[in-house]
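Peer 1: Residue numbers for the sequence shown follow the numbering used here, beginning at 280 and rising by one. For each residue, glycine too, the CB sits at the ideal point set by N, CA and C.
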Amino acid sequence: MRGVSTHRPSSSSSPASSALFARLIDDAAMFPPGNAAAADAISGHLHHRSSGLDPYVGPLLVHHHRWDEVARAHAELGSPRLHVVVVGSHRLPGPDAPGMKVVGFETPVDAEPLPEAEGGLPLACEVSVGDGGRAVLAAVATAAAAGARVVAKIRTGGTSADAFPDEQTVAAALQAAVALAAPMKFTAGLHHAVRFTAAGTGFEHHGFLNLLVAAARAHEGADVGALGGTLANRDAAHLADALRALSAEQVGQVRRTCVSFGCCGVEEPVADLVALGLIPPVEADASAGVRR
280 MRGVSTHRPS SSSSPASSAL FARLIDDAAM FPPGNAAAAD AISGHLHHRS
330 SGLDPYVGPL LVHHHRWDEV ARAHAELGSP RLHVVVVGSH RLPGPDAPGM
380 KVVGFETPVD AEPLPEAEGG LPLACEVSVG DGGRAVLAAV ATAAAAGARV
430 VAKIRTGGTS ADAFPDEQTV AAALQAAVAL AAPMKFTAGL HHAVRFTAAG
480 TGFEHHGFLN LLVAAARAHE GADVGALGGT LANRDAAHLA DALRALSAEQ
530 VGQVRRTCVS FGCCGVEEPV ADLVALGLIP PVEADASAGV RR
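So, in structure tokens, the structure goes:
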């Protein structure tokens, strides 16, 4: 397991840790580098949702350009109950598909005003992690405070080295989000719990535990330099212990800031959590039905 020790600490999960990781991982199986076919993505997602992975998995992410492919595959699979988020648009890209429920949208937003998602559904507004995204981040915070179901979306990786913002850039975005009370989700590159260098590409990947710990530190008033250090930390045991030490109130703060992250292979981050003793061992075999 890349970047994570296989030594499992004696301390395991707690009610606070269960809340910390609940529905944390959105299923991005159809996005790079996985690029799963629609039928495979749907089948895999339903398997996850009917197995021990279920508590940690959010909706299936579907790019609006692949809506027709997903709708056809879904019908061929018998139109099972399926929750999806449409990426790249704030409108439905095609006719409703029986059994497939759109539960949100994600779309890039470069400037105010924020778009209104069709049907009043939740909306993730992808913003720049640089200074240019600050105004949109503030608009997200204002809308969320007024009761809108809106979050900011921050890109933390991609298919080229320059798609990965460095630690200080992400630290500044986190600090701004906490200062503004802007909820956010993350996308791309978060394959493992702890920061690592990908063997095949040499890309420096952020770790999702690093993000959670950094969010907690931001709520404590840490500056950008300190947050950048947390994001650079590759000591898995240290990060896991920091999360174990969070109170229920702190867990709530962290999850209000870090709503979720997208990952093309949800098994990997869950396996990391198990290896670190942060959650109980997971039964990967599917059972009948899909839990909600």
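Which word fits THR285, buried or exposed, when buried means at least 16 other C-beta atoms lie within 10 angstroms of its C-beta?
Peer 2: Note that THR285 scores 44 on pLDDT, short of 50, meaning its location in the model is unreliable; the coordinates nonetheless yield the value given after this. Only exposed fits THR285, as fewer than 16 other CB atoms lie within 10 angstroms of its CB.
Peer 1: Following the continuous beta strand (DSSP E) through PRO387, name the residue where it begins and the one where it ends.
Peer 2: Counting along the chain, the beta strand (DSSP E) containing PRO387 begins and ends at 379 to 387.
Peer 1: Per the contact definition of three or more C-beta pairs closer than 8 Å, is the region 549 to 567 in contact with the region 337 to 352?
Peer 2: No, because fewer than three Cβ pairs between the region 337 to 352 and the region 549 to 567 fall closer than 8 Å, the two stretches do not touch.
Peer 1: On a Cα-Cα basis, can you pick out the residue from VAL336, GLY426, LEU416 and GLN447 that is closest to VAL503?
Peer 2: GLN447
Peer 1: Which residue from HIS485, GLU547, LEU555 and PHE465 puts its Cα closest to that of HIS327?
Peer 2: Answer by Cα proximity: GLU547.
Peer 1: Just the Cα atoms here: how many angstroms apart are SER297 and ILE558?
Peer 2: Near 7 Å, if we compare the C-alpha coordinates of ILE558 and SER297.
Peer 1: Candidates ALA501, ALA497, VAL553 and ALA519: which alpha carbon is nearest CYS537's?
Peer 2: Relative to the Cα of CYS537, the nearest Cα in the group ALA501, ALA497, VAL553 and ALA519 belongs to ALA497.
Peer 1: PRO312 to THR438, Cα distance in whole Å?
Peer 2: 7 Å
Peer 1: Enumerate in chain order the residues of its own chain whose CB-to-CB distance from PRO387 is below 7 Å, with the five nearest sequence positions on each side excluded.
Peer 2: Excluding positions up to five away in sequence, the list reads GLU405.
Peer 1: Would DSSP call LEU557 helix, strand or coil?
Peer 2: coil
Peer 1: In three-state DSSP terms, what is SER368?
Peer 2: strand
Peer 1: If I'm right that ALA393 touches LEU361 with Cβ under 8 Å, what's the distance once you round it to whole angstroms?
Peer 2: The sequence as given places Leu at residue 393; Ala does not occur at that position. Going by Cβ atoms, the distance from LEU393 to LEU361 rounds to 27 Å, so no, they are not a contact pair.
Peer 1: HIS353 and ILE304 look like a contact to me (Cβ under 8 Å); what is the Cβ gap, rounded to whole Å?
Peer 2: That pair is no contact at about 21 Å.
Peer 1: Excluding the 5 residues preceding and the 5 following ALA418 in the sequence, name in chain order all residues of the same chain whose CB lies nearer than 6 Å to its CB.
Peer 2: GLU391 and LEU393
Peer 1: Please classify THR509: is it buried, with 16 or more other beta-carbons within 10 angstroms of its beta-carbon, or exposed?
Peer 2: buried
Peer 1: Assess, as a yes-or-no matter, whether the region 427 to 442 is touched by the region 506 to 520 under the definition of 3 or more beta carbon pairs within less than 8 Å.
Peer 2: Result no; under three Cβ-Cβ pairs closer than 8 Å.
Peer 1: According to DSSP, is ARG287 helix, strand or coil?
Peer 2: Summary for ARG287: the model assigns pLDDT 48, below 50, so the residue's position carries little reliability; its value from the coordinates is reported in the next sentence. Coil.
Peer 1: In angstroms with no decimal places, state the Cα-to-Cα distance between THR476 and LEU506.
Peer 2: 19 Å
Peer 1: What span of residues does the alpha helix (DSSP H) with GLU348 cover, start to end?
Peer 2: 346 to 355
Peer 1: Under 8 Å, with one C-beta from each stretch per pair, do the region 367 to 381 and the region 393 to 402 reach the 3-pair mark?
Peer 2: Taking 8 Å as the limit for Cβ pairs, the verdict is that the region 393 to 402 does touch the region 367 to 381.
Peer 1: From SER358 to PRO374, what does the alpha carbon distance come to, in whole angstroms?
Peer 2: 14 Å
Peer 1: List the endpoints of the continuous beta strand (DSSP E) containing ALA403.
Peer 2: 402 to 405
Peer 1: Taking the continuous alpha helix (DSSP H) assigned at PHE465, which residues delimit it?
Peer 2: No alpha helix (DSSP H) contains PHE465, which is instead part of the beta strand (DSSP E) from 463 to 466.
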